[in-house]
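Asks: Provided herewith is a single structure, encoded as structure tokens, for subsequent inquiry.
Right under this line is the structure:
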């Protein structure tokens, strides 16, 4: 999920890989939305949504997650062209992620009214933050340490921007339904990216870079 990975992904993403990512993300959405809906019905009494409605909602959420994913890839490539220093860029991503979480809390607080406690408005940002930290950790284990902040930023920023229609509502249950589905779809995309573009595992980075040099030395 680091910057160089996004640059390589444009050249290595074949039509077959794009179709795989597209359909599997839709499938993740179709599975997650009904499960999340049933869970929310049991916890909060969410009503009015049939199983078929939840399936269609999962398809739509999966498609939204796809658009957000590729929009972020373009965003990332553009900004890495302006900000060459990787530490500065990752620091900016971290600040923006925290700002989005704080803004989400106050948006929920302003729209929730006086009947809801401040603690209930922390559920949404803390859920997104927890998912982002988990995916960032898994991304680091699968690739490189510098992938943590970009993965965290994508999980927070992309998910919250994609979930704006539900955040504008006053129903915490509907917000959580969309956000939970988007989190699963976005996590799937993040964890599949390095596999689809053939990213080098963390432990083999130096070896892969040194292979061309070794071949040149052997020929000489």
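In UniProt numbering, the protein residues as written are 1 to 220. All C-beta atoms in this analysis are idealised placements derived from N, C-alpha and C, irrespective of residue type, glycine included.
#1: Taking C-alpha atoms, which residue in 97, 84, 14 and 61 lies nearest to residue 31?
#2: Is it the case that the Cβ atoms of residue 178 and residue 163 are separated by a distance below 8 angstroms?
#3: Just to confirm before moving on: does the CB-CB distance between residue 143 and residue 124 stay below 8 angstroms?
#4: State the Cα-Cα distance for the pair residue 87 and residue 96, rounded to the nearest angstrom.
#5: Do residue 135 and residue 159 come within 8 angstroms of each other at the CB atom, strictly closer than that value?
#6: Would you report the Cα separation of residue 21 and residue 67, rounded to the nearest angstrom?
#7: With DSSP as the reference, label residue 119 as helix, strand or coil.
Replies: Taking the geometry as given:
#1: The residue with the shortest Cα to Cα distance from residue 31 is 61.
#2: yes
#3: no
#4: 14 angstroms
#5: Cβ distance not < 8 angstroms, so residue 159 and residue 135 don't count as in contact.
#6: 12 angstroms
#7: Reduced to three states, the DSSP call for residue 119 is coil.
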